[in-house]
Structure formats: C-alpha cells, structure tokens
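First the structure, in the form of structure tokens, and then the observations on it.
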Amino acid sequence: MGTICCKTASNNCDDCRAPLLTEEKGASSGNTFLTVERDADHIHIKPYVNKSRRTTTNIININTTPNAVPDPEAICSNLLTRDIRSCCNTTDENNYQPCDIFRKKLQNFYKKLTLPKVAWLERGQDLSLVEHFIQLKLNESENTVTVEEIFNPIEDEKAHRIQIDGQPGFGKTTLATKLAYDWANSEEYINFKFVLLVPLRELQNRSIDDAIDEIGKRCTCNDAVQIIYNHKKSTLLILDGLDEISQQEREEIVKILYRQMYEDATVIVFCRTGLFNLSMIERRKLFGVSNMRDDFQCKQISTLGVANDEKKQDFLEKILPKSTVNRIMERLSSQWKLFNSPLLLMLLAVIIQEGENIEDFTTNTEFYKKLFNCIFKHSFVKRGRDIDSDFDLFALNSSANPIQESMRQFGKLSAQKIFNNDLTFDCNNFTREIYELGFLISHEELTFVNAKTHFEALHLTIIEFAAAFAFWVDLKLNISTVLLQEDLKLVVNHFFKTEGTSKLLPFLAGLMEDELDQLLFQIESFSGWFGLSINRTLNLVAECLSDNVSSSKNLRSFIPSLVDCSKLSGDKLKLKELLVYGSKCGKIEKIVIRDREDIWMVTNEITTLFQLNVSYLTVLGNSQLFSNPIPFNGSLNEVLHFATSTNCTSCILLELSNFSQLTEFCELMRREKTLSRIKLHYLQIKIINLLNLDIVKRNTIIDVLKYNQVQYLDLHLYSETNKLCDISGFLLAAARSKYLTCVKFCNVSIDFFELTNGGKKKFTEINLKHCTLTCKQPLLFKNCCHHLLIDDDKYSEDIKGIFEVEPSTLSCRDESFIDDLRVNSPTWTGFNTVTTACFRLEKHLSSAVAWTNLQTLYLDGFCFTNLSELAKSILTLPIVNLGFYDYLNYSKLFKYMNDMWANNKSHLKRLLLKRHNVYENAPGFDLITDYIRELVEGLARSQWDEIYFFESDINFHNCVDIPLFSTVQLTRANLSFICVEFGISEQCFCKNYDSYFNMVFNPPEVLSITRKCH
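According to UniProt numbering, the sequence shown is numbered sequentially starting from 1.
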C-alpha cells in the first residue's frame, strides 16, 4: 500500500494540504481503488487508452460510491483541461477571462516603467523610456543583431533560454526594462502572452513563485502563479542581475536556467560578462554528475553599448542643447569610444552642466573624478550650502576634511556591500545625506508589495569608485596599516572572484597616479596570481595613465613571462603598453602569435622573442611553423613558401598518413632544393605497408634524416601481413643524423646497435610500441638513451635488447613490467642508472625499490586503494621528487603522509600534480579545500618544499580562507625547468604525441606553491 498526494501526484509531498490517497491492491482488472485518508472518500483510477493519440491516461475520479465509474472520455477531457479552465474557460460579468484581465493589468503596470532619475539634472524627474532609451549594439556570434531580433528562432527552433551579458554600465538593466516596457505597449517583436520582469536582487531568498504572486497582487490578481503556470509556453521571464546574487541564493534560478523548472517558458537572463559559472556542487545537484557543460543558453548575446555616433548625438540632444552636443563631440573625438557606455554618456551631461573641462577624459577614473566633484558642487548649490568654486574632492592634505571623511565612510560602507554582494542601503541619517548629495537613489521594488523602501546606487560603478576613494585615502594617509592590508586582501580577492570585471581595484590603481607602486607594494603577495595571465594585469592597470605604467618599478612582478596572443582581450593600446613594459624590463620572455590578425603588436619597441605558431591544413596534413623573430609585414600565403622565404626555425608536419600526402611530401623535398633549409622539429609518418613504398620515396625520407633536417621522428609502420617491418635503412640514417634527438617507432624491428651506432649516437628519448628489440653487438656506450619509453602491456623475450642500454629515465605501462625485468635480469645495470621511473600503479609500490639511485617517481594513474600503505612505502624511498597523474585520486594520501610522517623526516622536496580531466569525476568544493589544506600543511611542516600544479582547474582564490594559505606564495613555474628537476621529458605529461608537441610550443599553465620567505 502506498500514499500519494492528490495535488502533486507524488508520494513524497510534505508541504501540500491536498488529500492523501492510499492505494488498495488486489484488483485484477487493471482498475485500482484509492482511499482518501482525510475524508474517507473513495477514488477510482482506471487506465484509459486514447487510440487516436496513442496515449494512455490514468483517469482519477473521487466519489463516495466505490463502484461508480464515470465515462472515461468525459473524465479524460476534464483532467486534461482542469487547470486551463480556471483562467481560460471562465469569465466575469463583463465576459473577460481571468488571464486576460491579469495580462491587461500587468501591461498597465509595466507601461509606467521609467529610467531612474538623475538627481543632478535640473528636470529632477524619472526619464521616459521612449525618450531616453538609446539603441545598443548587440552581438550574437560576432554578428550584429537588433533588439527586435533577440527572440528570433534558431534554425526554426524557439530559443527558450537567452543570455545577455555585458560590461558594467553598458545598458543591461535598461535593456531588461525596455523589453518589459515594449511588451506592455504591444510591440510585435516580443510576442508573449505574459512577460514578468524580476530584478533578482529583490528576491532576497524568496522563490520565483513568490515574486510572481507579489506581482499579481500589485495587479489585484490572486491567481497569478496558477495563471502563469497554465500559460508557461507563452510566458517570458526577464531575470536581471544574475551576477548580483550569491551561489546560495541562486539555486532555484539555476534550475530555471537549466529547464528543470519552468521548462516550457522562455527565459532571458542578464549578467556581467564572464561572471556565471556552475560550481561543481551545483553540477552535482543539477545533473548528478560533474562533467556537464556550463552552457544553459540557446542563444548568447553581448551588449557592446552605443557604438553609433549618431545615436550618441541623438541621446545627448534630449538632455543638452544641440550646440553644446556639437561642441562635446568635437572636443572629445579622440576619447569618444569611452562613451560607448550609456551610463557614462548620460552622466556626461552632469559634468557639462557644471562647466567642467571636457577634454581630459583619458580614463574612466578621470571621468568619475570630475563627476564626483560635480555632484558635490551641484548638490551644495542646490541646497544653499557654501562650497569653494575650486573645490576638489581629490586634493588631499595631511588629513581628510569633513567632506572627504564623509565620502570615505560612504566608500567603506560601499565596499562592505560590494564584498557581501548586497547593494541595498538601509534608510538612516547617514545614507539619507548621501542620497541628498546624489550618490544614491530611492528604490521602490518592482516585485514585492510590502518590501520597505531602501536606497541603492544608480549604478554599481558609482559605489565601486566610492570604495576605491576610501582605500585611496587610507593609502595616502597611512591609516591603520594592518587593517588596510586586510581590506586590500578583500579587494584583490573580489577582483579575482569577479574575473577582473570589478572596477574597484582598477579605480584604486588609477587614483594612485604616480604613486601606483605604493599600491602594488601592498598587494605584491598576489603578484604571482596576476602573472598567470596578462589579461589580469591589463584589467588591474586599465585605469592608469600610460606614464604611470611605464615608470612603475613594482609592476614587473605582475607581468607573466609568457604571453599567448590568442588568449588576449581588452584595450589593444593598453595591452601594447604592457607588452612594451614587459619587454623592456625583461620579464616577458616569449610572445606566441597564432593568428595573422595579431601581427599588429609586432613593433620595434618590443624586443622580446617572438614565436609564430600558425597552423595550415594543406594536402600535406596539419603543418605548423615556428619563427623567431617574425620577419615580415605582409600576409602569410602557404607553409612552404613562408618557410623558405624567411628565417623560420622549425616546422611540424603531423600525420602524413596516406599515400598521396607522403608522395607529395617526398616529391617536394626531392624537387625543391631550397626546402633543405627547413628544420622539421617533428615529422610524423604513418605507412600502412612499407613494401608499397618505392625506393625513391624511401630514400627521400632517409635523406631527410641523413641531412639533419628532423629532430623528432615519429614512424609508424603497419604491415598487412602482421609482420614487423625491417627499417635498417632508416636506423642507419638516424644513427648518422646530428640533429635527430628523439625517435618513436611502432610495429618495427629495432636493433639498438644500428640505431645508436654502437652507442655513439646519443638520444634524448627512444619511444617503442609493439616493437622487437635486439642488439646484435655489445654497445660501446650504454648510456646512449636518456629516456626510454616502452609502451607494451608486459615484458616479453622480444624486447630483451633493453638490457643492453642504461637509461636515466624509464617509463612503462605499470609496475608489473618492472617486476618482470627484475625476474628476467636481476643483474641489469639499468637498475643502478635509472634515477627517474614513470609507471601506472596497479598493485603495490615494492617494484620501486629495484632502483638503487631513484630520485624521481612519477605515478601515471593508479588503481591502488590502500593509501595508508602507499604513504608508508613512499617514506621508505630515497626520492626527492614525487609526481602524480590524476592527482585527485590521491586526495586522501596527503593527509596520511602528514599524519604518518609527523615524527619521520622524508627525503621528499617537490610534488608535481597533474589533473587528467577537468570535469571527469570532479570532487566537491569541500574535498578540494581539504586537499589543498593538507598540501599546504605539508609545506608548513617541511614535509616538502614546493608543489607544482600542472594544468590545474582548482580555483585557488577560493582557498584564501585556509588558515595556512597566507604563509605560502603562488607563482607561475617554467615547465622546462621542472622537467630538468624531475629528470623527465614533457611527453610524460601527455597521452598522445600530437598533444605533446602542441604543449611544447604552447606551454601549459604550471603553478608553484612554496613557503613565503620572511
């Protein structure tokens, strides 16, 4: 017997007051009788099959007579239309349906929407949307769209979820208001039965249904939730300010975005650019797994502000005389792009009316400085107060004057609001004074009827600048140094949390002017985090004047050593300033250019080493060129022409895998003598049947080796008869090549004596897969191979030639291979020469004791569950370097190491941790925090001295609250240097060689955590 809620049709409804139904088993006919527990009524459920629609419906009838079974057609009709009838099939005395009455009242409500009044304008009234809305430039997938095209279908499918993002002050909230206003006025492009505008910051932990209910009450409708539910398919929800609510507050909103609620409704959500990302906890709650994409939207549109000069002029002429507008446009022509922001364009009128100089707006900071001064002057004059004609809020003496102190206190309050993501200000004497000055507006909520009136900023940037002013005063006057450092820590963390979109820190940097180094000194401990990406540093100094950037001494620590142009964003002129600065101070070591469109940054001022990495898909396959420096001003045409006409230093040819590609390559190399100048850093050839390769092509490839043109040869030979291929000709050529340092062979027979010329030819790496290894004569020098990789499942007699070499590094599939080596050749001298071992841990770590001089152990994945035993085994090893692939599988290991090693000193110095897949089996936030805590504690206890994170997806900004985290520093590490330390090659970090060579020329992000030096 089971209990079912009559209203929700579920058996776990705790909140519903509907009758509970109890199922009575035993009816063999397929009919089921339920008893209503509260009123003891009888309910009959019968499956009804509608053959015309091919559907089955459980028909429910409540009746006091158990045997009374009504007509199924009639009940099915009632059931399917029951909810709709409540608002669509009933009318009032005037023959109006409830849903139409609500719609009309809602439209009348939204027709009254206005833009917030600017207190400093003489009109002193709300601004009409019709008169003052300015057409924005909207981009969808790099294509310009109009407001009227926002809801256009995608490939004939309705766009149910739309995201509109943009920078602060670029008109997102105004556009959201405009959509509701246009619907209320029956504009054709927004064809919905209902539109609901919900500023998300007004929810305050209340549900969307609560908001809809309250909006309904504003329109004297008590059934708004039910009406909207009945008309979900023709309802538009406008959700404004997704970035203004916390992760804890947005749980229901996220469900709506991912169509787990209001699935059939259309939802358009507004958010600051780049500020919405699902956390791992949210992924698991939504999907039960963590490897889901963040994207919820069918369509993403970016608002780029007001890009059209005519529209800017038309807007200003609604506020200012035409002659004044013409003068503005003439004087600000060089800075006109600054006013793509509708907010700044509107506020420009304030400054003009105060007679300020309008020619000096080189940055937003300069603009806001003038704006704040104008607000004070205008407010004081308007209220009959005295103020000096040359008043300057930013003229700071040895102490702050009363006006500056008042603004400082407001800035401190604003900072608290920003950090807590609560942008409402309670009404009190202090905030009312700020309101009277004009920095706050009185806000009446659109959603909740009984909510109290509160103050809020006209725009977030207003209070961000006020907060920056407060910290600027503290820095200038050296107020409470300890507290200031804590405040600045919050400022920087907020900057990172908002992905650099917060203007507080850039405003502060701009206010510092020629004392920028004072601020940079205070936040120097975060320099490593900025140094991970030049975009972060670019956002940091976005408000600084060029002279202040170029003259800074402390900025060097905030500049990365590698700049990848494909990842750059922001102001190109400011970016070039940073590149010139980083080049001149010697911090930027390499700039990678991947697209011809980025050539603009190549100037004589930048002396840094340039690397060109432009890929072409040619008949030869995928080719990549690497050149230093870039020697041309024109465009690139094709790979070989460029390579032969410039000082290109390297070329990569991947997957010459079919006969026509290989034929063309061989003919080009044989015919074009100039191609002998090209150095092939990597040549990958896959031949199905070597017997089909004629002598000319075979000799051409051999000549490429012989004439020192190939550094890494990746040769795959597949025989149709399943016989290993004899490549003695290739081996002899490889042995004689002075340029060749690495080889990879697959399905071939290798003689070490031929390949190494008796041991005289030294290889950095030899990689063998499914090969037969022999050595017909003893080698003169057995240390002819630094890194030997055997990619076979197990040891066999076919590879016994391995015992003739003495590598420094050995990589294999798992520890069973090493166990087999110990059994088959316990006296192999390689057990003494190997200092680095890389393998997958399957059962135990006892195989590691085979190496008497082992310094580095790299565990390439594992199926090992006894982490306590593993911690004991590691302690007994003489290793100084320990690396992990898929390191989160070892998350509890570090706790065991800290606990078990408390009274034992290990030899371990460095940990290297690489994550295999960012989303696969991703742990929750708490687990990651615990994991980082144990690693940092190990540093504090000197269990290890340094931790490297290779391509980590961990957001370290979320770890700043870990108590010991303040004792460590985070910097960017050099991969090549790490590989030297660990005695391993870069390909140990890759699962295929295409990705390895992509990694070599596009170095991944490697972070280092060490103890701070005091």
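Note that the Cβ used here is the ideal one computed from N, Cα and C, for glycine as well.
First and last residue of the uninterrupted alpha helix (DSSP H) at residue i
| i | result |
| --- | --- |
| TYR189 | Premise fails: TYR189 is in no alpha helix (DSSP H) and is neither H nor E. |
| VAL198 | It is not in any alpha helix (DSSP H) - VAL198 instead sits in the beta strand (DSSP E) that spans 194-199. |
| GLN404 | 402-419 |
| LYS892 | Segment: none, LYS892 is in no alpha helix (DSSP H) and carries neither H nor E. |
| HIS160 | That residue, HIS160, is in no alpha helix (DSSP H); it is neither H nor E in DSSP. |
| GLY384 | That residue, GLY384, is in no alpha helix (DSSP H); it is neither H nor E in DSSP. |
| TYR739 | Neither: TYR739 is in no alpha helix (DSSP H) and is coded neither H nor E. |
| ASP547 | 546-550 |
Through-space distance from residue j to residue i, alpha-carbon basis
| i | j | result |
| --- | --- | --- |
| VAL491 | LEU504 | 7 Å |
| residue 1019 | LEU440 | Only positions 1 to 1014 of the chain appear in this structure, which leaves residue 1019 out of reach. |
| LEU780 | LEU845 | 34 Å |
| ASN108 | PRO153 | 28 Å |
| ILE208 | ARG201 | 12 Å |
| LYS489 | GLY241 | 25 Å |
| GLN485 | THR1010 | 21 Å |
| HIS681 | SER502 | 44 Å |
| GLN297 | LYS553 | 44 Å |
| PHE388 | SER379 | Residue identity differs from the one stated: residue 388 is Asp in this sequence, not Phe. Whole-angstrom Cα-Cα distance: 13 Å. |
| CYS979 | PHE950 | 12 Å |
| ASP92 | CYS99 | 11 Å |
| ASP517 | LEU555 | 7 Å |
| ASP165 | GLU140 | 11 Å |
| TYR896 | LEU964 | 18 Å |
| GLU920 | LEU935 | Its pLDDT being 38, under 50, GLU920 is placed unreliably by the model, and the measurement read from it follows with that caveat. So the alpha carbons of these two residues sit roughly 22 Å apart. |
| ASP798 | LEU841 | 24 Å |
| TYR435 | SER442 | 8 Å |
Residue environment, residue i, which counts as buried when at least 16 other CB atoms sit within 10 Å
| i | result |
| --- | --- |
| GLY582 | buried |
| PHE977 | exposed |
| VAL619 | At VAL619 the pLDDT is 42, less than 50, meaning the model places this residue with poor confidence and gives no usable figure here. |
| THR177 | buried |
| LYS761 | buried |
| TRP944 | buried |
| VAL473 | buried |
| ARG671 | exposed |
| ASN95 | exposed |
| THR90 | exposed |
| LEU1007 | buried |
| ILE238 | buried |
| SER28 | Reliability of the predicted coordinates at SER28 is poor, the pLDDT of 36 falling under 50, and no value is obtained from them. |
| PRO199 | buried |
| GLY384 | exposed |
| VAL823 | exposed |
Whole-Å CB distance - residue i paired with residue j, under 8 Å assumed
| i | j | result |
| --- | --- | --- |
| PHE469 | ARG408 | 7 Å |
| GLY586 | PHE558 | That belief does not hold up - the Cβ atoms of GLY586 and PHE558 are roughly 14 Å apart, past 8 Å. |
| THR852 | PHE831 | 6 Å |
| GLN167 | GLN300 | Actually they are not in contact, since the Cβ atoms of GLN167 and GLN300 sit about 15 Å apart, beyond 8 Å. |
| ASP792 | LYS776 | Not confirmed; about 21 Å, so no contact. |
| VAL225 | ILE212 | 5 Å |
| LYS738 | ASN708 | 5 Å |
| TYR189 | GLU148 | 4 Å |
| ASN373 | ASP392 | 6 Å |
Extent of the continuous beta strand (DSSP E) to which residue i belongs
| i | result |
| --- | --- |
| GLN684 | 680-687 |
| VAL743 | 742-746 |
| ASP564 | 562-564 |
| VAL710 | 710-717 |
| VAL269 | 266-272 |
| CYS812 | 809-814 |
So does the stretch 226-234 actually touch the stretch 254-265, counting three or more Cβ pairs closer than 8 Å?
yes
Does the structure place the stretch 900-911 close enough to the stretch 868-885 that three or more beta carbon pairs sit under 8 Å?
Contact between the stretch 868-885 and the stretch 900-911 is present, because at least three Cβ pairs lie under 8 Å.
Three or more C-beta pairs below 8 Å linking the stretch 560-578 and the stretch 535-550
yes
Would you call the stretch 167-174 and the stretch 203-222 in contact, with 3 or more CB pairs under 8 Å?
no
Taking one C-beta from the stretch 517-526 and one from the stretch 338-349 each time, how about it: are there three or more such pairs within less than 8 Å?
No, they do not touch.
Assess contact between the stretch 279-287 and the stretch 244-259, defined as three or more Cβ pairs (one per stretch) separated by less than 8 Å. Is contact present?
Segments in contact, yes.
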